[in-house]
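S.K.: With positions in the sequence shown counted from 1, the corresponding number in the working numbering is that position plus 299.
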Amino acid sequence: MSSRQPQPPQEHQQQYQQYQQYQEYQEYQQESYGQDSYAWPPQQQAYPPYYETYDPYAEPSVPSSPGTPVRATGPEPEPEPEPEPDDPGYTLPAVPESSWSVDNRRGKLLGRGVLGCLLLVQAGLSLRLRGTAFQDEALYIASGHYELNNLLHGTKLPVDFAGYFSGHPKLYPVLAAAVDSYFGLTGVRVLSLLFMLAATGLLYAVTRRLFNLRAALGAAALFSVLQSTTVLGNFATYDAAAIFLLALSMYAVVRTDRMRSAAVLLAAPPAALAFAVKYASGLYLPTLVLLAVVTAHRHRGVKTLGRGVFLGAGIGALLGAGYVLSGPLGGISSTTTNRAQGADSAMKLLEHSAEWGGLVFLAALVGSVAYALRGRMGEMPWIEGETAGRVRRAGLGVVLTGTALLAPAYQIHLHTEVSLYKHVGFGLLFAAPMAGLGMARLVGPHFRHPQLGIMVYVLALVFGMVQAQKAYSFPDSSPMVAYLRTVAHVDKKGFYLAEEQEVPAYYLRDVTGWNQWQNTYFMDYRGKDGKQHTGPDAFEQAVRDGRFDVIVMHGSVTPATYEAVKKGLKGNTHYRLAAVFPFTTSSGQNAYRIWVKR
300 MSSRQPQPPQ EHQQQYQQYQ QYQEYQEYQQ ESYGQDSYAW PPQQQAYPPY
350 YETYDPYAEP SVPSSPGTPV RATGPEPEPE PEPEPDDPGY TLPAVPESSW
400 SVDNRRGKLL GRGVLGCLLL VQAGLSLRLR GTAFQDEALY IASGHYELNN
450 LLHGTKLPVD FAGYFSGHPK LYPVLAAAVD SYFGLTGVRV LSLLFMLAAT
500 GLLYAVTRRL FNLRAALGAA ALFSVLQSTT VLGNFATYDA AAIFLLALSM
550 YAVVRTDRMR SAAVLLAAPP AALAFAVKYA SGLYLPTLVL LAVVTAHRHR
600 GVKTLGRGVF LGAGIGALLG AGYVLSGPLG GISSTTTNRA QGADSAMKLL
650 EHSAEWGGLV FLAALVGSVA YALRGRMGEM PWIEGETAGR VRRAGLGVVL
700 TGTALLAPAY QIHLHTEVSL YKHVGFGLLF AAPMAGLGMA RLVGPHFRHP
750 QLGIMVYVLA LVFGMVQAQK AYSFPDSSPM VAYLRTVAHV DKKGFYLAEE
800 QEVPAYYLRD VTGWNQWQNT YFMDYRGKDG KQHTGPDAFE QAVRDGRFDV
850 IVMHGSVTPA TYEAVKKGLK GNTHYRLAAV FPFTTSSGQN AYRIWVKR
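1. Using DSSP with H/G/I as helix, E/B as strand and the rest coil, what is D435?
2. Touching or not, the stretch 414-425 and the stretch 787-801, by the rule of three or more beta carbon pairs under 8 Å?
3. What does T883 pair with, by DSSP beta-bridge criteria?
4. For a quick check, are the C-beta atoms of L502 and A477 less than 8 Å apart?
5. What did DSSP end up calling A703 once you bin it into helix, strand or coil?
6. Please classify L438 as buried or exposed, where buried requires at least 16 neighbouring CB atoms within 10 angstroms.
7. Check whether the stretch 598-609 touches the stretch 569-586, taking contact to mean three or more Cβ pairs, one atom from each stretch, closer than 8 Å.
8. Given V588, which residues of its chain have a CB within under 6 Å of its CB, disregarding the five upstream and five downstream residues?
9. Kindly list the residues whose CB is nearer than 6 Å to the CB of L496, restricted to its own chain and excluding five residues on each side of it in sequence; keep chain order.
10. Which whole-angstrom value is the C-beta distance of F725 and Y583, which I expect to be below 8 Å?
11. On the three-pair Cβ rule with 8 Å, is the stretch 725-739 touching the stretch 692-712?
12. Determine the direct distance from the alpha carbon of G834 to that of F773, and round the result to whole angstroms.
13. Are the stretch 509-528 and the stretch 479-492 touching by the rule of at least three beta carbon pairs closer than 8 Å?
14. So what's M754 in DSSP terms, helix, strand or just coil?
15. Near K721, what residues of its chain come up, given a Cβ to Cβ distance below 6 Å and the 5 sequence neighbours on each side ignored?
16. Starting from W816, follow its DSSP beta bridges and name the residues at the other end.
17. Going by CA-CA distance only, name the one from G619, L713 and L705 that's closest to P568.
18. Which runs of the alpha helix (DSSP H) at least 4 residues long sit entirely within the stretch 827-877? Give them in chain order.
19. Roughly how many angstroms lie between the CA atoms of L649 and L713, to the nearest whole one?
20. Between R740 and W655, what straight-line distance do the alpha-carbon atoms span, to the nearest angstrom?
21. Identify which residue in A837, R892 and D809 has its Cα closest to the Cα of M779.
22. Do the stretch 738-752 and the stretch 814-831 meet, that is, are 3 or more Cβ pairs less than 8 Å apart?
23. How many Å lie between G880 and H651 at the Cα?
24. In three-state DSSP terms, what is V593?
25. Can the beta-carbon of A734 be found less than 8 Å from the beta-carbon of A662?
26. Measure the CB-CB distance between V849 and R875 and report whether it falls below 8 Å.
27. Which partner residues does R897 have in the DSSP bridge list?
28. For Q344, count the other beta carbons within 10 Å of its own beta carbon; 16 or more makes it buried, fewer makes it exposed. Which is it?
29. Mapping DSSP to helix, strand and coil, what is R903?
30. DSSP three-state call for Q640: helix, strand or coil?
31. Are the stretch 538-555 and the stretch 498-515 in contact at 8 Å, needing three or more beta carbon pairs?
32. Would the stretch 801-816 count as touching the stretch 461-473 if we require 3 or more Cβ pairs under 8 Å?
33. Around the Cβ of S667, are there at least 16 other Cβ atoms within 10 angstroms (buried) or fewer (exposed)?
34. Compute the beta-carbon to beta-carbon distance between E862 and Q434, rounded to the nearest angstrom, for a pair I have assumed lies under 8 Å.
35. Quick check: the Cα distance between S442 and T431, rounded to an integer number of angstroms?
36. Alpha carbon to alpha carbon, how far is V552 from G613?
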């Protein structure tokens, strides 16, 4: 019997078996009869056609030795097919390579859920701050009541608030006064919280439009825990409303990036209104114009410049019309364009700016550099070509991140730290998208290093909480106001000197008028000696003459005036020290001292 040979393919098995049987029969005839197997039988069956083109043997077969009987064998059994594996009880669905980078329905719902948690944290951080009305809060709300009465009843204004306010007195102050009439100071502060929460939500939408979901969540997370965000969320001033309007204008700019150039005019009304609400917002209007150009769809070419022209012209036209209708606004010059110079050093301002916003600014720098070098992290390589060019990416980073430097640079120019802790937040609103992108790049593709993102957020949270608590620390005026109302019996006939006079003027506006309160910043006074006095000397002489019915001082705001008043009180028989109310702030312990005229 021949040795085992390679088997032909499965489809030729039957032909091969027939050929094998025929060959064995030929060998048997040759051994038994000595005849030539190829000559017997006379009429041979031709080989199957298949074997004319296919040789089933790789080597010539070796015949059996003479005399060895050979038995004819039947066809070899076909091999049994391998059993198919049992079907699994479940199948894994197809999973996208990066669900966090694809704006699918699941990603949107997940992002909104996380955003909701961030907004709850932001609200909790703001509402944990407690205190009576701060000087600026009292000023704007009280003036709003006078402005509201002027609009509704034609009542004459006690002073020209437009001459020294840092925003138009008939916008935010009127809104704050209307809310205060029904819900008090708490209601006005909640209004500020709603403005700041809306600004965070708009920031999330802007960043998601510019980059992706992860960057949007990072931007919202970092901005929501900043000191300025936390403080302004429970602070009844212009700032929260102005930040909301700037965020709304920025969203309109980014949202219309693929529309016709004229569509960017939707961003003009909120931008112009932001300037009217707080004049310092004008520092960020050029950023909006540049952003309109940089974010325009890259296939537009020269037409991208048209968006900037449209937006700039629209904002300018609205501001011009508003100025003509509102009349002179001296506060623009005195509080913004020609603000008085201070005495704070540039190094001090730089240190405080870095303390209040340095971490977010550093994250924005990381995001800007990383975005300029590479448009995406490579999680979805098939859309790499969909990103903007390197020049456009670098321009976006410069515009947004560089905006964070505007407020510190301006106040270094003025050498004043007044309101810097609030103004830092305006610039970081624009830098936050790049900070969110930087946070996402630190985490890496497919969440390779989540601990880095968590570390940045926790650091920003801790810094923001501590700094906000320190900034939101001012004297508790409630016992002082209660004493003036119930014991000192202030009324509409007296004349009163008070450090931070806006606070008692706000709380006691039902029994006193605005002009009955004298502040401690500046005074001109003609004394009983017939001489004209100004500055600290005016306060000292007025106290000696018994000009004031009540004096309320603590010395923290205007130390020079406080010393002059103490000189006037020394040996003065017109006054007696009636009450002392201690308080504690982040600067230390102090006390309200109340002198009442005998």
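Just so you know, even glycine gets a beta-carbon here, dropped at the ideal spot from N, CA and C. Keep in mind the model is a prediction, meaning the values are calculated, not measured.
M.R.: According to the data block:
1. By one-based count along the sequence shown, residue 435 stands at place 136. It is helical.
2. no
3. Here residue 883 refers to the residue found at position 584 when the sequence shown is read from its first residue. According to DSSP, which records beta bridges pairwise, T883 is partnered with Q888.
4. Start at 1 with the first residue of the sequence shown, and residue 502 comes out as number 203. Start at 1 with the first residue of the sequence shown, and residue 477 comes out as number 178. No, the pair does not count as a contact, with Cβ atoms beyond the cut-off.
5. Locating residue 703 in the sequence shown gives position 404, counting from the first residue. Reduced to three states, the DSSP call for A703 is coil.
6. Within the sequence shown, the letter at position 139 stands for residue 438. L438 comes out buried.
7. no
8. Here residue 588 is taken as the residue at index 289 of the sequence shown, counted from 1. G607, L610 and G611.
9. Translated into the one-based positions of the sequence shown, residue 496 becomes position 197. The residues are L418.
10. The sequence position of residue 725 within the sequence shown is 426, counting from 1. The sequence position of residue 583 within the sequence shown is 284, counting from 1. About 6 Å; that satisfies the 8 Å criterion.
11. yes
12. Taking the sequence shown and counting its residues from 1, the one referred to as residue 773 is at position 474. Taking the sequence shown and counting its residues from 1, the one referred to as residue 834 is at position 535. Taking the straight line from one Cα to the other gives about 26 Å.
13. no
14. If you number the sequence shown from 1, residue 754 lands on position 455. Assignment of M754 by DSSP, reduced to helix, strand and coil, places it in the helix class.
15. Within the sequence shown, numbered from 1, the residue matching residue 721 stands at position 422. S527 and D538.
16. Start at 1 with the first residue of the sequence shown, and residue 816 comes out as number 517. Looking at the DSSP assignment, W816 forms a beta bridge with Y795.
17. If you number the sequence shown from 1, residue 568 lands on position 269. It is G619 whose Cα lies nearest to the Cα of P568.
18. Segments of the alpha helix (DSSP H) lying fully in the stretch 827-877: 835-843 and 858-868.
19. In the sequence shown, residue 649 corresponds to position 350, counting from 1. In the sequence shown, residue 713 corresponds to position 414, counting from 1. So the alpha carbons of these two residues sit roughly 13 Å apart.
20. As a working note, residue 740 is residue 441 in the sequence shown. As a working note, residue 655 is residue 356 in the sequence shown. About 23 Å.
21. By one-based count along the sequence shown, residue 779 stands at place 480. When each option's Cα is compared against that of M779, the closest is R892.
22. no
23. Taking the sequence shown and counting its residues from 1, the one referred to as residue 880 is at position 581. Taking the sequence shown and counting its residues from 1, the one referred to as residue 651 is at position 352. Note that residue 880 corresponds to Phe in the displayed sequence, not to Gly. Going from the Cα of F880 to the Cα of H651 covers about 31 Å.
24. The residue you call residue 593 lines up with position 294 of the sequence shown. Correct three-state label for V593: helix.
25. For the purposes of this step, residue 734 is taken as the residue at position 435 of the sequence shown. For the purposes of this step, residue 662 is taken as the residue at position 363 of the sequence shown. Yes.
26. Within the sequence shown, residue 849 is the residue found at index 550, counting from 1. Within the sequence shown, residue 875 is the residue found at index 576, counting from 1. Result no, Cβ atoms of V849 and R875 do not sit closer than 8 Å.
27. By 1-based counting over the sequence shown, the position of residue 897 is 598. DSSP, once it has assigned bridges, lists no residue as partnering R897.
28. For the purposes of this step, residue 344 is identified with residue 45 of the sequence shown, where counting begins at 1. Unreliable positioning characterises Q344 in this predicted model, as indicated by a pLDDT of 48, which lies under 50. The coordinate reading is nonetheless provided below. Result: exposed.
29. Outside the displayed range of the chain (300 to 897) lies residue 903, so it cannot be described from this structure.
30. For this step, residue 640 is matched to residue 341 along the sequence shown. In the three-state DSSP reduction, Q640 falls in the coil class, being neither helix nor strand.
31. The answer is yes - the stretch 498-515 touches the stretch 538-555, with three or more Cβ pairs under 8 Å.
32. no
33. By one-based count along the sequence shown, residue 667 stands at place 368. So S667 counts as buried.
34. Taking the first residue of the sequence shown as 1, we reach residue 862 at position 563. Taking the first residue of the sequence shown as 1, we reach residue 434 at position 135. With 8 Å as the limit, E862 and Q434 do not qualify as a contact, their Cβ atoms being about 20 Å apart.
35. The sequence position of residue 442 within the sequence shown is 143, counting from 1. The sequence position of residue 431 within the sequence shown is 132, counting from 1. So the two alpha carbons sit approximately 18 Å from each other.
36. Position 253 of the sequence shown, counted from the first residue, corresponds to residue 552. Position 314 of the sequence shown, counted from the first residue, corresponds to residue 613. Spanning the two alpha carbons is a distance of roughly 13 Å.
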